[in-house]
Amino acid sequence: MQKDYYQGNRGRLYAQMKENSLLVLFSGMEVRKTNDEYYPFYTDRNFLYLTGLEQKDLVFVARKDGEGHVKEKIYILPPDMLAERWNGARIQPQQASDISGVEEVGFVSAFEGEFHSLAAGGNYQNLYLDLFRVSPADRDAPSHLFLKRIASDYPFLHLENANILIRRLRLIKQPCELEAMRRAEEITCAGITSMMKASRPGMYEYQYKAVFDYVLGQYGPQGPGFPSIISAGQNNFCIHYYSYKGQAHDGDMVLNDVGACHDSIMTDVSRGWPCNGKFSERQALLYNIALQTSDHMFRIIKPGMAMQEVDGESHRYCARLLVEAGVLDEEKNIHKYMWHGGAHHVGLDVHDAVAAPQVIGPNMVFCVDIGIYHEEWGIGFRLEDNCLVTEDGCENLSAVTPRTIPEIEAVMRQSFTAF
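Take the position in the sequence shown, starting the count at 1, then add 23; the result is the number in our numbering.
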């Protein structure tokens with residue numbers, strides 16, 4: 024992404040903020056894994072959305088005065104020869120400015136004193152923080168720790184929710200985001216089709232994953248956007264499966280729910296196939312029902328449609344097809360074979376943190392996820408694609424990855440060749 028992307032995101036955020044307000048956002052901190060090791064650092068997505076900077080312990084501050092004028096500053100880690108020798112180069116002031124478009128850059132050691140001057144100066148009444156938690160049990164992020172100090176030291180500041188403002192912005196994808204997603208779709212396709220080509224009875228799930236990871240590694244360092252779900256046989260009935268220890272036996276379906284990340288934008292694509300390369304009669308029956316349901320959804324999704332109807336109509340339509348095929352007794356019992364919805368938004372997060380819309384609008388991107396799980400037949404899979412809403416309909420961004428039985432079987436007749 025270019026710096027005008029981040030500048031534009033900030034400008035749209037400032038337009039929603041009250042006058043006489045401060046905004047403070049944190050890039051995040053490392054999470055310890057074991058005695059002498061941390062998990063790889065992962066920048067807070069909202070911080071990234073507004074600055075483009077990916078490094079721990081950074082702070083971004085913006086102040087909007089009574090006339091709507093905004094001043095910005097980023098606080099970065101200072102140079103440290105020993106720390107950088109061990110852990111790599113730190114972002115330098117000019118780099119931070121070039122990436123983010125923020126002209127004023129300082130070191131984090133100055134943040135507390137400068138914030139005190141701003142907060143105690145009497146010119147600002149509101150403080151915007153991103154305090155979102157998925158669960159109350161989540162660990163404290165730097166913003167939560169900062170809030171405790173605000174409550175004790177600056178109780179006169181009125182707290183405002185930056186998270187909901189940013190979620191509104193992230194709901195609508197910009198051209199550069201869509202460009203990155205299209206490239207991520209191509210990379211995801213390469214990984215999935217390589218697994219199809221390598222597939223054979225007796226192959227272990229970790230071997231499928233190794234193929235996928237290897238192929239994505241040829242396109243850049245970002246790799247998968249989220250932990251890959253790759254399973255076979257009975258393991259397909261665990262919706263979020265991460266063990267990779269199972270083996271695909273002759274006749275088993277292989278399920279994968281995967282996605283590449285390009286320029287920090289993710290995809291989320293699911294495909295299922297028989298490990299031996301040839302769909303059985305029952306596998307073909309269920310797969311074609313999922314495919315027909317997915318195709319139906321891509322025909323009817325358009326602006327103005329209720330968001331909840333993406334899941335609602337997909338379940339009703341799939342239920343009718345299953346009843347007509349003699350698989351399901353009554354449409355109301357669709358929960359027996361469809362265990363989940365799947366119309367979640369995608370973008371900087373695989374389940375993108377956006378303001379949930381009541382109705383669909385142009386330039387939203389979400390998944391159409393059709394999962395069928397028939398435990399009695401031992402067949403479980405899902406067909407998941409990324410849907411871009413256009414001005415008068417929608418586009419399947421992941422249609423590049425084979426979806427039909429003839430397409431999948433044709434790919435599986437090919438041999439996987441390493442780069």
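For every residue, glycine included, the Cβ atom is placed at its ideal position computed from N, Cα and C.
- Fully contained in the stretch 301–344 are the following alpha helix (DSSP H) runs of length 4 or more, in chain order: 304–323.
- For secondary structure counted as the alpha helix (DSSP H) over 4 or more consecutive residues, the stretch 158–204 holds these complete runs in sequence order: 165–176, 185–194.
- Between ILE431 and the set VAL277, ARG190, GLY370, the nearest pair of CA atoms involves VAL277.
- Under the DSSP assignment, LYS87 falls in the beta strand (DSSP E) whose first and last residues are 82–87.
- Separation of the CB atoms of VAL292 and THR211 is rounded to 5 Å, and the pair is thereby assigned contact status at 8 Å.
- Around the Cβ of TYR147, a 10 Å sphere holds 16 or more other Cβ atoms; the residue is buried.
- In this structure GLU53 is in contact with PHE64, their Cβ atoms being roughly 5 Å apart against a cut-off of 8 Å.
- Each of ALA313, GLY240, PRO159, THR440 was checked against the Cα of ILE428, and the nearest Cα belongs to ALA313.
- A direct Cα-Cα distance of roughly 40 Å separates GLY327 from SER120.
- The residues TYR267, in chain order, have a CB closer than 6 Å to that of TYR229 in the same chain once the five nearest residues on each side in sequence are set aside.
- Our two residues, THR216 and CYS284, have alpha carbons roughly 17 Å apart in a direct line.
- Looking at ILE253, SER132, ARG191, GLN117, the one whose alpha-carbon comes closest to that of ARG35 is ARG191.
- Within the model, the alpha-carbon separation for ILE99 versus ASN32 is close to 20 Å.
- In the three-state scheme derived from DSSP, where H, G and I count as helix and E and B as strand, TYR62 is classed as coil.
- The beta carbon of PHE260 sits closer than 7 Å to the beta carbons of TYR396, GLU398, GLY403 from its chain, once the five residues preceding and following it are set aside; these are given in chain order.
- The DSSP-derived three-state label of ARG405 is strand.
- Burial is judged here by how many other beta carbons sit within 10 angstroms of a residue's own beta carbon; GLN306 has at least 16 and is buried.
- The stretch 94–108 makes no contact with the stretch 151–165; the number of CB pairs closer than 8 Å stays below 3.
- Under the DSSP assignment, PRO297 falls in the beta strand (DSSP E) whose first and last residues are 292–297.
- A contact between stretches requires three or more CB pairs, one per stretch, nearer than 8 Å, and the stretch 199–211 fails this requirement with the stretch 162–177.
- The beta-carbon separation of TYR37 and LYS87, rounded to 6 Å, stays under the 8 Å limit for a contact.
- Per DSSP, reduced to three states, the secondary structure at LYS268 is coil, with no helix or strand assignment.
- With respect to LEU180, ILE173 sits close: the two C-beta atoms are nearer than 8 Å.
- Here CYS390 is near ALA366, since their CB atoms are less than 8 Å apart.
- Between the beta-carbon of VAL382 and that of ALA329 there is about 6 Å, and that keeps the pair under the 8 Å contact cut.
- Taken atom to atom, the span from the alpha-carbon of ALA378 to that of ILE187 is near 7 Å.
- Relative to SER421, the option among GLY91, ALA185, ASP318 whose CA is nearest is ASP318.
- Pairing LEU154 with GLU354, the inter-Cα distance amounts to about 42 Å.
- Secondary structure note for PHE49: its beta strand (DSSP E) is the uninterrupted segment 44–49.
- Ranked by how close their Cα comes to the Cα of ASP334, the residues ALA348, HIS358, VAL346, ASN311 have HIS358 in first place.
- In terms of Cα proximity to GLU418, the closest of TYR29, ILE323, ALA348 is ILE323.
- Residue range 134–143 is occupied by the alpha helix (DSSP H) that includes GLU137, with no beta strand (DSSP E) assigned at that position.
- Your pair VAL93 and PHE138 does not check out as a contact, with CB atoms roughly 16 Å apart and the cut at 8 Å.
- At a Cβ-Cβ threshold of 8 Å, LEU406 and ILE393 count as neighbours.
- Beta bridge pairing from DSSP links ASN110 with no other residue.
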